[in-house]
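*Asks:* Residue numbers (mature numbering (1 follows the signal peptide of the UniProt record, and there is no 0)): -19 to -1, 1 to 306.
1) Can you tell which of 58, 105, 111, 118 has its C-alpha closest to the C-alpha of residue 131?
2) Got a sec? Which residues, its chain only, sit under 6 Å from residue 90 by beta carbon, not counting five neighbours each side?
3) Is it the case that the Cβ atoms of residue 235 and residue 184 are separated by a distance below 9 Å?
4) Do three or more CB pairs link the segment 65 to 75 to the segment 30 to 47 at distances below 8 Å?
5) What does the Cβ neighbour count give for residue 108, buried or exposed, with the cut at 16 atoms within 10 Å?
6) To the nearest angstrom, how far is the alpha carbon of residue 153 from that of residue 249?
7) Among 271, 115, 180, which has the Cα closest to the Cα of residue 30?
8) Grouping DSSP H, G and I as helix and E and B as strand, with all else coil, what is residue 184?
9) Alpha carbon to alpha carbon, what distance is there between residue 294 and residue 266?
10) If the criterion is Cβ atoms closer than 9 Å, does the pair residue 244 and residue 17 meet it?
11) Alpha carbon to alpha carbon, how far is residue 155 from residue 114? Give it in angstroms, no decimals.
12) I need the boundaries of the alpha helix (DSSP H) containing residue 167, first residue and last residue.
13) Considering only the alpha carbon of each residue, which of 256, 36, 277, 162 lies closest to residue 269?
14) To the nearest angstrom, how far is it from the Cα of residue 177 to the Cα of residue 146?
15) Below 8 Å on the Cβ atoms is my guess for residue 181 versus residue 6; work out the distance and round it to an integer in Å.
16) For residue 128, count the other beta carbons within 10 Å of its own beta carbon; 16 or more makes it buried, fewer makes it exposed. Which is it?
17) If you follow the alpha helix (DSSP H) that residue 107 is part of, which residue opens it and which one closes it?
18) Looking only at C-alpha atoms, which of 291, 101, 64 sits nearest to residue 260?
19) Starting from the C-beta of residue 117, find all residues in its chain whose C-beta is less than 7 Å away, skip the five residues before and the five after it, and write them out in chain order.
20) Counting C-beta neighbours from all protein chains within 10 Å, is the total for residue 45 16 or more, i.e. buried, or is it exposed?
21) With C-beta atoms as the reference, is residue 134 less than 9 Å away from residue 170?
22) Sort 79, 82, 56 by Cα distance to residue 99 and report the nearest one.
23) What are the start and end residues of the alpha helix (DSSP H) that includes residue 148?
24) Taking the C-alpha atoms as reference points, what is the distance between residue 19 and residue 262?
25) Going by DSSP, which residues form a beta bridge with residue 57?
26) Applying the criterion that 16 or more other CB atoms from any shown protein chain within 10 Å of the CB defines a buried residue, is residue 289 buried or exposed?
27) Of all the options 8, 274, 150, 238, which has the alpha carbon lying nearest to the alpha carbon of residue 167?
28) Alpha carbon to alpha carbon, how far is residue 96 from residue -18? Give it in angstroms, no decimals.
29) Within 8 Å: the Cβ of residue 102 and any heavy atom of the ligand GDP?
30) Between the Cα of residue 26 and those of 11, 60, 59, 69, spot the shortest distance and give me the residue it belongs to.
31) Whose CA, out of 277, 84, 77, 62, lies closest to the CA of residue 110?
32) Quick check on DSSP: helix, strand or coil for residue 89?
Laid out in structure tokens, this is it:
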């Protein structure tokens, strides 16, 4: 495994650039997201159990402060356009859940989508940005992860994608409540060139996964299709050219996606490297994605390793930059 020093030595600093300033994300956010473990099978019990574990495992004390409830929490919009919770999964609604999570000292995040539907097929926020932002703010939401599925053709160029995401930026700002705004468009339309001006974090690649084979004769991938969204490639191959011109700094960070540690499929040394690399690159996402109510000692040792956490938390104004020979 690479040592933290070796990883850090590959990384440098970038020129200053403007970033979205809503007073949040002065350092890259940390927490836990429901998606990698639960996917669409979320419910109140699972969310509350995970929140309790963040506290009882002392992860909150280490900086894992956001609990982010991803897709599949809603049922539909009502006649006024407001999103309605799935009452089978959340019989008390979302409000009491947010209150309980806040009562534990955590911050609460939710998911919506810039399209007509979310990626899971539920109602999205397209053309309902203002009313949905007001709903999130009134409900005490602290964090919004915002996808881009079923966008009705409102993507494909940087300008179009920017405008779609900016509508929610403006809607959130108008509420007066500071809500951390995390884009999720899989690194499309050159989001690293404009994401910093309207959001606190933005992706630089497709979602991370542990399902690809370790040995692959297309790694590094150098054919024409490697640049197309969804095609596999080494995270460093993808990250390096982006981080060379990345605009990340206080208030906004490039995003390598949620962590896979503890979800099985890789070995202990591989998971250590995975976590250490995310920390060293200063990814926005030190968001855990495992079942934190059932962690092995090995998984726990990785996510609480203070040297990695210190490396991620170093208050440098900008993200590291990748170098290659």
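We treat Cβ as the ideally placed atom computed from N, Cα and C, and that holds for glycine.
*Replies:* Reading it off the structure:
1) Within the chain shown, the letter at position 150 stands for residue 131. Checked all of 58, 105, 111, 118; the closest Cα to residue 131 is 105.
2) Position 109 of the chain shown, counting from 1, holds the residue named residue 90. Within the same chain, residue 90 has close Cβ partners 47, 49, 124.
3) Taking the chain shown and counting its residues from 1, one reaches residue 235 at position 254. Taking the chain shown and counting its residues from 1, one reaches residue 184 at position 203. Cβ distance < 9 Å, so residue 235 and residue 184 count as in contact.
4) no
5) Mapped onto the chain shown, residue 108 falls at position 127. Exposed, since its Cβ has fewer than 16 Cβ neighbours within 10 Å.
6) Within the chain shown, residue 153 is the residue found at index 172, counting from 1. Within the chain shown, residue 249 is the residue found at index 268, counting from 1. Cα to Cα, the separation comes out at about 40 Å.
7) One-based indexing of the chain shown puts residue 30 at position 49. Taking only the C-alpha atoms, the option nearest residue 30 is 271.
8) For the purposes of this step, residue 184 is taken as the residue at position 203 of the chain shown. Here residue 184 sits in strand by DSSP.
9) Position 285 of the chain shown, counting from 1, holds the residue named residue 266. Position 313 of the chain shown, counting from 1, holds the residue named residue 294. Approximately 12 Å between the Cα atoms of the pair.
10) Locating residue 244 in the chain shown gives position 263, where the first residue counts as 1. Locating residue 17 in the chain shown gives position 36, where the first residue counts as 1. Yes, the pair counts as a contact, with Cβ atoms nearer than the cut-off.
11) Working through the chain shown from its first residue, we reach residue 114 at position 133. Working through the chain shown from its first residue, we reach residue 155 at position 174. Cα-Cα distance, rounded: 9 Å.
12) Mapped onto the chain shown, residue 167 falls at position 186. That residue, residue 167, is in no alpha helix (DSSP H); it is neither H nor E in DSSP.
13) Within the chain shown, the letter at position 288 stands for residue 269. The residue with the shortest Cα to Cα distance from residue 269 is 256.
14) By 1-based counting over the chain shown, the position of residue 177 is 196. By 1-based counting over the chain shown, the position of residue 146 is 165. Rounded to the nearest angstrom, the two C-alpha atoms are 12 Å apart.
15) Numbered from 1 along the chain shown, position 200 holds the residue referred to as residue 181. Numbered from 1 along the chain shown, position 25 holds the residue referred to as residue 6. Yes, they are in contact, since the Cβ atoms of residue 181 and residue 6 sit about 4 Å apart, within 8 Å.
16) The residue you call residue 128 lines up with position 147 of the chain shown. By the 10 Å Cβ count, residue 128 comes out buried.
17) The residue you call residue 107 lines up with position 126 of the chain shown. Element bounds for residue 107: n/a, residue is neither H nor E.
18) The residue labelled residue 260 in the question sits at position 279 within the chain shown. For residue 260, the nearest C-alpha among the options comes from 291.
19) Counting from one through the chain shown, the residue named residue 117 turns up at place 136. 91, 125, 160.
20) For this step, residue 45 is matched to residue 64 along the chain shown. Per the 10 Å Cβ criterion, buried.
21) The sequence position of residue 134 within the chain shown is 153, counting from 1. The sequence position of residue 170 within the chain shown is 189, counting from 1. No, they are not a contact pair.
22) Here the question's residue 99 lines up with position 118 in the chain shown. When only C-alpha atoms are compared, the closest one is 56.
23) As a position in the chain shown, residue 148 is number 167, starting the count at 1. Run containing residue 148: 139 to 156, per the alpha helix (DSSP H) assignment.
24) As a position in the chain shown, residue 19 is number 38, starting the count at 1. As a position in the chain shown, residue 262 is number 281, starting the count at 1. If I take the Cα positions, the gap works out to 27 Å.
25) One-based indexing of the chain shown puts residue 57 at position 76. According to DSSP, which records beta bridges pairwise, residue 57 is partnered with 65.
26) Counted from its first residue, the chain shown places residue 289 at position 308. Per the 10 Å Cβ criterion, buried.
27) In the chain shown, counting from the first residue as 1, residue 167 sits at position 186. Of 8, 274, 150, 238, the residue nearest in Cα terms is 238.
28) Translated into the one-based positions of the chain shown, residue -18 becomes position 2. Translated into the one-based positions of the chain shown, residue 96 becomes position 115. Any reading at residue -18 is ruled out, since the residue's pLDDT is 48, under 50, leaving its predicted position unreliable.
29) The model depicted lacks the ligand GDP and carries no ligand whatsoever.
30) Working through the chain shown from its first residue, we reach residue 26 at position 45. Closest by alpha carbon: 69.
31) Looking up residue 110 in the chain shown gives position 129. Of 277, 84, 77, 62, the residue nearest in Cα terms is 62.
32) Within the chain shown, numbered from 1, the residue matching residue 89 stands at position 108. Strand.
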